[in-house]
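Colleague: Residue numbering for the sequence shown follows the UniProt record's numbering, starting at 1 and increasing by one per position. Idealized CB from N, CA, C, for every residue including glycine.
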Amino acid sequence: MASLPFETTSTVSTIPAHWRDFVALTKPRVMTLVVFTGLCGLLAAPGHIHPVLAFTAILCIALGAGAAATLNQWYEADIDAKMKRTANRPLPAGRMDRQSALHFGVGLSFFSVLLIGVATNWLAAAVLAISILFYVFVYTIWLKPRTTQNIVIGGAAGAFPPVIGWAAVTGDVGALPIALFALTFFWTPPHFWALALFVKTDYAAANIPMLPVVSGEAATRRQIWFYTAIMAAAAMAPVLLRLTGLIYGVTALLGTALFVVFAFQVFRHRETDPARMAPERRLFKYSIFYLFLLFGAVVIDRWLLA
């Protein structure tokens with residue numbers, strides 16, 4: 001279980017943190033997909049927003065995502081120290097003290113929410129605030145250490161960016177951003193559980209109840225297949241609801257068909273050695289490309305329909 005906020009980590013920094021460590025806390029590689037989906041929500045929205053304000057809105061989405069990632073690592077520093085893939089992060093590696101990370105995360109949170117509210121509107125600010133609070137309190141503190149369904153429910157935090165981008169332009173929330181929220185929400189379990197299958201030893205070492213650790217690999221493969229089916233329906237919903245046109249429809253159909261093929265290969269795979277889990281790694285990598293592909297198609301489609 002994650003340590004309490006007032007506990008200290010096993011490694012304490014004795015020197016000032018480098019600026020690169022603060023950047024690392026924001027998980028810039030993960031942030032790329034968050035920023036892209038937020039940008040697509042903004043570009044697909046009807047109406048007009050000044051380029052400077054549009055840039056500010058996307059910057060705030062990035063800062064908000066970075067704030068959530070920072071607070072996640074602040075809370076889970078002791079857990080990160082037990083896992084190979086996270087042990088070199090700034091806090092468990094001892095390159096930064098915990099209080100600095102907390103102040104940085106809280107400061108980014110308030111700054112991003114206030115700035116997007118002033119620059120665009122307070123609905124966008126409210127949704128951004130909800131996404132940060134949901135990730136930190138609902139996913140990180142409550143769900144992740146307690147239930148195998150942590151990533152299912154907690155995945156909502158990562159599904160908010162297109163809603164924020166849309167709201168920054170329009171001041172409301174329409175059917176398309178809700179559909180994109182649903183797509184991202186149902187995409188998250190197969191994406192993340194594919195990763196969890198080949199890093200399950202890390203989660204076991206940290207006593208995190210991820211699905212492969214608690215319920216086993218066979219159950220995880222079934223759940224990946226189950227959520228892939230729901231995700232496929234969510235991917236086609238914008239077409240069926242006539243929110244998008246032919247370009248998105250064809251892209252979603254072909255892209256989702258390949259996703260289903262990869263998910264089925266994972267479902268049928270019975271390898272238990274993480275080093276030999278090629279189908280799982282392939283699904284994980286493709287799932288990232290898949291979301292970029294579909295969101296990009298949404299923007300192109302909407303622009304051509306305009």
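Using C-beta distances below 6 Å, list every residue in its chain close to Val250, excluding the 5 sequence neighbours before and after it, in chain order.
Modeller: Hits under 6 Å: none found.
Colleague: Does the beta-carbon distance from Thr188 to Gly165 come in below 8 Å?
Modeller: Using a Cβ distance threshold of 8 Å, Thr188 and Gly165 do not count as a contacting pair.
Colleague: Just the Cα atoms here: how many angstroms apart are Leu91 and Ala77?
Modeller: 6 Å
Colleague: Taking Thr170 and Gly47 to be in contact with their CB atoms under 8 Å, please state how far apart those CB atoms are, rounded to whole angstroms.
Modeller: 6 Å
Colleague: Beta-carbon within less than 6 Å of Leu115's beta-carbon, same chain only, minus the 5 sequence neighbours each way: which residues are those?
Modeller: Cβ within range, chain order: Cys60.
Colleague: Please report how far the alpha carbon of Ile178 lies from the alpha carbon of Val163, in whole angstroms.
Modeller: About 7 Å.
Colleague: Using CA atoms only, rank isn't needed, just tell me which of Thr256, Arg146, Phe36, Asn121 is closest to Leu53.
Modeller: Asn121
Colleague: Taking the alpha carbon of Ala175 as the reference point, which residue from Ala44, Pro28, Leu33, Leu258 has its own alpha carbon closest?
Modeller: Ala44
Colleague: Would the beta-carbon of Gly255 be found less than 7 Å away from any heavy atom of the ligand HEM?
Modeller: Of the ligands one can find in the structure shown there are none, so the ligand HEM has no counterpart to examine.
Colleague: Since Leu42 contacts Ala168 with CB under 8 Å, what's their CB separation in whole angstroms?
Modeller: 6 Å
Colleague: State the CB to CB distance for the pair Glu217 and Thr148, rounded to an integer number of angstroms; the pair is presumed to be in contact (CB under 8 Å).
Modeller: Not confirmed; about 13 Å, so no contact.
Colleague: Tell whether a beta-carbon distance below 8 Å holds between Leu123 and Asp172.
Modeller: yes
Colleague: Locate the alpha helix (DSSP H) running through Val118, then write down its first and last residues.
Modeller: Run containing Val118: 98 to 119, per the alpha helix (DSSP H) assignment.
Colleague: Go to Ser131, then tell me how far its alpha helix (DSSP H) extends in each direction, as first and last residue.
Modeller: 122 to 133
Colleague: State the Cα-Cα distance for the pair Trp142 and Gly296, rounded to the nearest angstrom.
Modeller: 33 Å
Colleague: Okay, do the stretch 19 to 34 and the stretch 277 to 285 touch, 3+ Cβ pairs below 8 Å being the bar?
Modeller: no
Colleague: Please state whether DSSP places Leu302 in a helix, a strand or coil.
Modeller: The amino acid at residue 302 is misidentified as Leu; the sequence shows Arg. Under the three-state reduction of DSSP output, Arg302 falls in the helix class.
Colleague: Keeping to the same chain, check which residues put their C-beta closer than 7 Å to that of Ala129; ignore five residues upstream and five downstream.
Modeller: Counting only Cβ-Cβ distances below 7 Å, and skipping sequence neighbours, we find Val113.
Colleague: Between which two residues does the alpha helix (DSSP H) holding Phe137 run?
Modeller: From DSSP, Phe137 is part of no alpha helix (DSSP H); its letter is neither H nor E.
Colleague: Alpha carbon to alpha carbon, what distance is there between Phe289 and Asp202?
Modeller: 25 Å
Colleague: Ala17 and Ser100 look like a contact to me (Cβ under 8 Å); what is the Cβ gap, rounded to whole Å?
Modeller: 6 Å
Colleague: Do Ala159 and Thr184 have their beta-carbon atoms positioned less than 8 Å apart in this structure?
Modeller: yes
Colleague: Is it the case that the Cβ atoms of Gly64 and Ile153 are separated by a distance below 8 Å?
Modeller: no
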